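Numbering (this note's numbering), first residue to last: 2 to 187.
The C-beta atom is built at its ideal place from N, Cα and C for all residues, glycine as well.
Quick caveat: nothing in here was measured; it's all calculated off a predicted structure.
1. From what residue to what residue does the alpha helix (DSSP H) around residue 63 run?
2. Three-state secondary structure (DSSP) at residue 127?
3. So what does DSSP say about residue 153, is it helix, strand or coil?
4. Just to confirm, is the Cβ distance from residue 98 to residue 121 under 7 Å?
5. In this structure, what does DSSP give as the bridge partners for residue 9?
6. Roughly how many whole angstroms lie between the Cα atoms of residue 6 and residue 69?
7. I'd like the span of the alpha helix (DSSP H) that includes residue 184, first residue to last.
8. Do you know offhand how far residue 36's Cα is from residue 157's?
9. Counting only runs that start and end within the stretch 61-118, where is the beta strand (DSSP E) found for 3 or more residues in a row?
10. Does the pairing of the stretch 71-78 with the stretch 38-51 give three or more beta-carbon distances under 8 Å?
11. Let me make sure I understand the geometry here. Which of 96, 30, 67 has the alpha-carbon closest to that of residue 84?
12. In angstroms, rounded to a whole number, what distance separates the CA positions of residue 32 and residue 38?
13. Please name the residue or residues paired with residue 43 in a DSSP beta bridge.
14. Since residue 22 and residue 54 should fall inside the 8 Å C-beta cutoff, what is the C-beta to C-beta distance between them, to a whole number of angstroms?
15. Might you give, ordered along the chain, the residues of its own chain that have their beta carbon closer than 6 Å to the beta carbon of residue 41, omitting 5 neighbours on each side?
16. Tell me which residues share the same chain as residue 173 and place their Cβ nearer than 8 Å to its Cβ, disregarding the 5 neighbours each side in the sequence.
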């Protein structure tokens, strides 16, 4: 694989780029403190801007590693950060990874997450050389499953009660896409 790190990627409406400390306020107000966003995530809702600053500082320290892929989603027309998309569980031997994303609820149902995720999928297959990308979503978050399907991902199954969150066990739906599937559809 050809690891390039979190390079800037532009789409029609978005700039996907590395986090900066100055993104803390947008992160806190747009999604970090939004309980509608965080009810499906594995990390707690931010209580104050310091929570956002701390996590951004941690992520920024990881950018020196060119196998770190963690983008902020910036809306071009207002220059505001509205979400994040990242790669976790990167497996160099099997050339696979898992993607995760979240977006400010103010921008749900506008195709933004799909636009960002398609750009990341394209980058990972065409530039990095990943063979398989998977993503998971809480089975109650049907909108996230729609994003995955719109990006060409295939439903693989459900991991039953695999994650403990908000004082209960949650089940996760698993989707994936292979490089050959991506290239056969472009």
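The structure says:
1. Unbroken alpha helix (DSSP H) run through residue 63: 50-63.
2. Helix, per DSSP.
3. coil
4. no
5. In the DSSP output, where bridge partners are listed per residue, residue 9 has none listed.
6. 5 Å
7. 180-185
8. 28 Å
9. 71-76, 81-92, 97-104
10. no
11. 30
12. 6 Å
13. BP columns for residue 43 are empty, so no partner.
14. Contact between residue 22 and residue 54 holds, with the beta-carbon distance rounding to 7 Å and staying under 8 Å.
15. 139, 142
16. 137, 138, 139, 140, 159, 160, 163, 164
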